[in-house]
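S.K.:
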Amino acid sequence: MTIKEAIPQRHMVRKFTGKPIPAELVQLLNARIAENNQLHDLNMKLVTGNADGIGGMAKMLLSRSVHSYIILAGKDGTDLDEHLGYCGADLCLYAQTLGLNTWWVGGMFNGKGAMKHMDATNVRINGVIAIGYGQTQGVPHKSKTAAEVSQYTGTAPQWFADGVEALLYAPTALNKQPYMVKGESDRVSITAGEGHFAGIDLGIGKYHFEVGAGKDNFQWVK
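Counting in my numbering, the final residue of the sequence shown is number 233, and the numbers go up one at a time with none missing.
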């Protein structure tokens, strides 16, 4: 399964089997995390064997059945949340290609618990991703239409339509899908509303659109 094929297959999963992630998959996940960290100057980290970075309410929803998670962290800066959203989306979809399931835990994470696993203390954590084997593959969320989240000047090329389609699968805070993506020629801009998770949502949206549209077909503009 490719990343693009994983987009419609990946759904939020809150019920996990409790089966440990095999060592070979942990190694692959760590390599992917290290690659993202290097490319985007982040400090994300996979934690296995406990769920101390997942908050109490989230654990109740998870039925305490997940024992691994990815910490979304990096040195604070203007674009940190966007980078975390972008790379977190990559990790969720990569996990799906490995046969794993994920739940992006936004406001219900335990920052103090997660911070215990960080090598650096001068970082900000903005969420964790629960990861493991789901009891099910989850179900599709209710989605907006392409017309509600996109505009194109002139006749939209197929790559733009494909990018919007992938964008509509993107997980967002409270499933609001606050996106508006606009295109003209090969120039594309995107916004993701306002609020605490706007930067995260923006990064997730950019990643999904890029995978669907193909990065070589367009350029991002403000």
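The beta-carbon is built from N, C-alpha and C at its ideal position, and this holds for glycine as well.
Alpha carbon to alpha carbon, how far is F27 from K15? Give it in angstroms, no decimals.
M.R.: Distance between the alpha carbons of K15 and F27 is about 24 Å.
S.K.: In the DSSP output, which residue or residues are listed as bridge partners for G143?
M.R.: Looking at the DSSP assignment, G143 forms a beta bridge with N112.
S.K.: Which residue from T108, T166 and T183 puts its Cα closest to that of V116?
M.R.: Nearest of T108, T166 and T183 to V116, Cα basis: T183.
S.K.: Can you find at least 3 beta carbon pairs, one from the stretch 169-181 and one from the stretch 108-126, that sit closer than 8 Å?
M.R.: The stretch 169-181 is not in contact with the stretch 108-126.
S.K.: Assign P189 to buried or exposed, taking buried as 16 or more other Cβ atoms, counted over all protein chains shown, within 10 Å of its Cβ.
M.R.: It is buried - the Cβ of P189 has at least 16 other Cβ atoms within 10 Å.
S.K.: At the level of alpha carbons, what is the spacing between L39 and A181?
M.R.: Roughly 23 Å between the two C-alpha positions.
S.K.: Can you list the beta strand (DSSP E) stretches of 3 or more residues lying completely in the stretch 41-66, in chain order?
M.R.: Counting whole runs of 3 or more residues, the stretch 41-66 contains the beta strand (DSSP E) stretches 56-59.
S.K.: For the stretch 80-91 against the stretch 137-152, are there 3 or more C-beta pairs whose distance is under 8 Å?
M.R.: Yes: at least three Cβ pairs fall under 8 Å.
S.K.: Nearest-angstrom Cα distance between R135 and D227?
M.R.: Cα to Cα, the separation comes out at about 32 Å.
S.K.: Can you name the residues that DSSP bridges to I81?
M.R.: I81 pairs with L57 and I140.
S.K.: Mind pulling the beta strand (DSSP E) runs of 3 or more residues that sit fully within the stretch 164-198?
M.R.: List check, beta strand (DSSP E) in window: 191-195.
S.K.: Going by alpha carbons, who is nearest to V150 out of N112, W170 and A125?
M.R.: Out of N112, W170 and A125, N112 has the C-alpha closest to the C-alpha of V150.
S.K.: Could you round the C-beta distance between G96 and I18 to whole angstroms and report it? I think they count as a contact, below 8 Å.
M.R.: Not quite, the Cβ-Cβ distance comes to about 15 Å (not below 8 Å), so this is no contact.
S.K.: Could you pull out every residue in the same chain whose Cβ sits closer than 8 Å to the Cβ of D92, ignoring the five residues on either side in sequence?
M.R.: Excluding residues within five positions, the ones whose Cβ falls inside 8 Å are N137, F208, A209, G210, I211, L213 and G214.
S.K.: Helix, strand or coil, according to DSSP, for Q20 in the structure here?
M.R.: Q20 falls in the helix class under three-state DSSP.
S.K.: Mapping the DSSP letters down to three states, classify Q38 as helix, strand or coil.
M.R.: Three-state DSSP puts Q38 in a helix.
S.K.: Kindly indicate the opening and closing residues of the alpha helix (DSSP H) around I215.
M.R.: Where I215 is concerned, the enclosing alpha helix (DSSP H) stretches over A209 to A224.
S.K.: Starting from V160, trace the alpha helix (DSSP H) both ways and give me its first and last residue.
M.R.: Per DSSP, V160 belongs to the alpha helix (DSSP H) from A157 to V160.
S.K.: In angstroms, rounded to a whole number, what distance separates the CA positions of M191 and K217?
M.R.: M191 and K217: Cα-Cα distance of roughly 11 Å.
S.K.: Please state the DSSP three-state secondary structure of I14.
M.R.: Helix, per DSSP.
S.K.: Can you tell me which of the three DSSP states Q107 falls into?
M.R.: Three-state DSSP puts Q107 in a helix.
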